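Enquirer: Those sequence lines, one after another, are chains R and H. Heads up, the first sequence stops at 157 in the working numbering, and the numbers go up one at a time, no gaps. Heads up, the second sequence stops at 157 in the working numbering, and the numbers go up one at a time, no gaps. Structure in structure tokens, see below.
There are 2 protein chains.
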Amino acid sequence: MGSAAKRHTPVEDAWALMGRLFWQLRPRMVRVAGEFGLSPPQLFALKTLDPDNPVPMSTLASALHCDNSNVTGLVDGLEAQGLVERRLGEHDRRVRMLVVTERGAEVRARLAAVMQEVPPELATLSAADQKALRDILRRALG
Amino acid sequence: MGSAAKRHTPVEDAWALMGRLFWQLRPRMVRVAGEFGLSPPQLFALKTLDPDNPVPMSTLASALHCDNSNVTGLVDGLEAQGLVERRLGEHDRRVRMLVVTERGAEVRARLAAVMQEVPPELATLSAADQKALRDILRRALG
DNA sequence: CCGCAAAGGTTGAGCTTGTCAACTGTTGCC
DNA sequence: GGCAACAGTTGACAAGCTCAACCTTTGCGG
């Protein structure tokens, strides 16, 4: 049964290997978030926001694939730490624009720097493999 | 400012692109889990278990990077659906071996089939790129 | 201009995940 | 035999998340 002939296409194998990378990523995210005094969802929220482009809360909600009401609590936390501000919409007074504060932008930048760190498995690839990997993924994702 | 010279190494770019794939994966997991009547953590738990190799709960806990007490609840749910069974350890009566039931194995197999589906972005790659991608990842991850 | 449906956000209820501390039962070692 | 260590469960508690209900604002149609 363990020897049942499971046929995997090359890209399926590749996908499974990426799954392993993703899996190893999870504890790392929790750790990084903790180091910045954030919960993982708060980390994703701050990472998603663009300091140069304030957006309504509903936009953040759809970017995070979650409900508006969920974003309320998330933003409450970020606002309590002075990382973002709710600013009233100028044309439409229903919306609250999410503005990343100066401190928020700073935290976000350090965050991005940590998250961009490549897992050791990939780092050990040859320079040629690293470039090839990037090029293939670029072709796939534009 | 948008022109600030952000230097990214090729592998950092590749890692960021994989991050985008990972991000798109999240809603899909939630959807798949729901289709099988499971929550995402339950799905991961069942996926982690090996029908041919019963393991103690603590082993599952460390595989899931979480506390033993958390696994208790997770397994409660899976057991309530008849997907796994707690079997008393033969040599050590402290441990409960997690045995995947027949029905559990069936669900797990269908689950694996769905999860192995490759995201469309990767599926559109040329056959050569797909093989190259697999080979590079194999070199990275063994 | 009025009425009203629709949109943005917040609130509260309720469920699940997850952690920690305390506890039970079992084991193995000194 | 005593005792520290281990496996698992329980209870308390914080947080994420969704849904339904609600409030305010908006903009459209009559």
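We treat Cβ as the ideally placed atom computed from N, Cα and C, and that holds for glycine. Remember, predicted model here, so these are calculated numbers, not experimental data.
Taking Cβ-Cβ distances shorter than 8 Å, what residues in chain H pair up with P42 of chain R?
Expert: Walking along the first sequence from the start, residue 42 of chain R turns up at place 27. What P42 of chain R touches in chain H: H80.
Enquirer: Just checking my contact of L113 of chain H with R101 of chain H at CB under 8 Å: how many whole Å lie between their CB atoms?
Expert: For the purposes of this step, residue 113 of chain H is taken as the residue at position 98 of the second sequence. For the purposes of this step, residue 101 of chain H is taken as the residue at position 86 of the second sequence. That pair is a contact at about 7 Å.
Enquirer: With DSSP as the reference, identify every bridge partner of D65 of chain R, one or two as the case may be.
Expert: The count along the first sequence starts at 1 and reaches residue 65 of chain R at position 50. In the DSSP output, where bridge partners are listed per residue, D65 of chain R has R:N68.
Enquirer: For the segment 24-60 of chain H, which segments carrying the alpha helix (DSSP H) assignment without a break, of at least 4 residues, lie completely within its bounds, in sequence order?
Expert: As far as the segment 24-60 of chain H is concerned, its whole alpha helix (DSSP H) runs of at least 4 residues are 25-50.
Enquirer: Going by the DSSP bridge assignment, what does M112 of chain R pair with across the sheet?
Expert: What you label residue 112 of chain R is simply residue 97 of the first sequence in a count that begins at 1. Its beta-bridge partners are R:P71, R:R102.
Enquirer: Rounded to whole angstroms, how far is the Cβ of V133 of chain H from the Cβ of W30 of chain R, which I believe are closer than 8 Å?
Expert: Here residue 133 of chain H refers to the residue found at position 118 when the second sequence is read from its first residue. Here residue 30 of chain R refers to the residue found at position 15 when the first sequence is read from its first residue. About 5 Å; that satisfies the 8 Å criterion.
Enquirer: Can V99 of chain H and L140 of chain H be called in contact, C-beta distance under 8 Å?
Expert: Translated into the one-based positions of the second sequence, residue 99 of chain H becomes position 84. Translated into the one-based positions of the second sequence, residue 140 of chain H becomes position 125. Their beta carbons are not under 8 Å apart, which means V99 of chain H does not touch L140 of chain H by this criterion.
Enquirer: I'd like to check one pair, L79 of chain R with V86 of chain R: are the Cβ atoms closer than 8 Å?
Expert: Counting from one through the first sequence, the residue named residue 86 of chain R turns up at place 71. Counting from one through the first sequence, the residue named residue 79 of chain R turns up at place 64. Yes, the pair counts as a contact, with Cβ atoms nearer than the cut-off.
Enquirer: At a CB distance below 8 Å, what residues from the segment 58-69 of chain R approach chain H? Give them in sequence order.
Expert: Correct list: D67.
Enquirer: Got a sec? Which residues, its chain only, sit under 7 Å from P56 of chain R by beta carbon, not counting five neighbours each side?
Expert: Reading the first sequence from its first residue, position 41 is the one you call residue 56 of chain R. Within the same chain, P56 of chain R has close Cβ partners L89.
Enquirer: Taking only the alpha-carbon atoms, compute the straight-line gap between P135 of chain H and D67 of chain R and give it to the nearest angstrom.
Expert: Translated into the one-based positions of the second sequence, residue 135 of chain H becomes position 120. Translated into the one-based positions of the first sequence, residue 67 of chain R becomes position 52. Their Cα atoms are separated by approximately 31 Å.
Enquirer: By the criterion of Cβ-Cβ separation under 8 Å, what are the contact partners of Q131 of chain R in chain H?
Expert: Numbered from its first residue, the first sequence carries residue 131 of chain R at position 116. Those within 8 Å of Q131 of chain R in chain H are H23, E27, W30, A31.
Enquirer: Step through the CB atoms of chain H and report whether any lies within less than 8 Å of the CB of F51 of chain R.
Expert: On the first sequence, residue 51 of chain R is found 36 positions in, with the first residue counted as 1. No, no contact with chain H.
Enquirer: What does the alpha-carbon distance come out to for the pair A142 of chain H and I151 of chain R?
Expert: Position 127 of the second sequence, counted from the start, is the residue given in the question as residue 142 of chain H. Position 136 of the first sequence, counted from the start, is the residue given in the question as residue 151 of chain R. For A142 of chain H and I151 of chain R, the distance between alpha carbons rounds to 11 Å.
Enquirer: What would DSSP say about V133 of chain H, mapped onto helix, strand or coil?
Expert: The sequence position of residue 133 of chain H within the second sequence is 118, counting from 1. Looking at V133 of chain H - three-state DSSP - the assignment turns out to be coil, as it is neither helix nor strand.
Enquirer: To the nearest angstrom, how far is the alpha carbon of F59 of chain H from that of R118 of chain R?
Expert: Stepping through the second sequence from its first residue, residue 59 of chain H is reached at position 44. Stepping through the first sequence from its first residue, residue 118 of chain R is reached at position 103. Taking the straight line joining both Cα atoms gives about 37 Å.
Enquirer: Can you tell me whether M33 of chain R is buried or exposed? The criterion is at least 16 other CB atoms within 10 Å of its CB, across all chains shown.
Expert: Numbered from its first residue, the first sequence carries residue 33 of chain R at position 18. Looking at its Cβ environment, which holds 16 or more other Cβ atoms inside 10 Å, M33 of chain R is buried.
Enquirer: Compare the C-beta of A124 of chain R against all C-beta atoms of chain H and say whether one is closer than 8 Å.
Expert: As a working mapping, residue 124 of chain R is identified with position 109 in the first sequence. Not one chain H Cβ lies under 8 Å of A124 of chain R.
Enquirer: I want to verify the contact list: residues of chain H whose CB lies under 8 Å from the CB of T74 of chain R, in sequence order.
Expert: Position 59 of the first sequence, counted from the first residue, corresponds to residue 74 of chain R. Within chain H, no residue comes near T74 of chain R; the closest Cβ sits about 16 Å away, beyond 8 Å.
Enquirer: Using the Cβ count rule (16 or more neighbours within 10 Å means buried), how would you classify L137 of chain H?
Expert: The residue you call residue 137 of chain H lines up with position 122 of the second sequence. Buried: at least 16 other Cβ atoms inside 10 Å.
Enquirer: Beta carbon of K62 of chain R, beta carbon of L126 of chain R: below 8 Å?
Expert: Taking the first residue of the first sequence as 1, we reach residue 62 of chain R at position 47. Taking the first residue of the first sequence as 1, we reach residue 126 of chain R at position 111. Cβ distance < 8 Å, so K62 of chain R and L126 of chain R count as in contact.
Enquirer: Just verifying my parser: in three-state terms, what is the DSSP assignment at G119 of chain R?
Expert: The sequence position of residue 119 of chain R within the first sequence is 104, counting from 1. DSSP places G119 of chain R in helix when its eight states are reduced to three.
Enquirer: Assuming T129 of chain H contacts V47 of chain H under a Cβ cut-off of 8 Å, what Cβ separation, rounded to an integer in Å, is found between them?
Expert: Position 114 of the second sequence, counted from the first residue, corresponds to residue 129 of chain H. Position 32 of the second sequence, counted from the first residue, corresponds to residue 47 of chain H. The sequence shown places Val at residue 129 of chain H, not Thr. Right, the Cβ-Cβ distance comes to about 5 Å (below 8 Å), so this counts as a contact.
Enquirer: Please tell me whether G17 of chain R has its Cβ less than 8 Å away from any Cβ of chain H.
Expert: As a working note, residue 17 of chain R is residue 2 in the first sequence. Note that G17 of chain R scores 48 on pLDDT, short of 50, meaning its location in the model is unreliable; the coordinates nonetheless yield the value given after this. Interface residue, yes.
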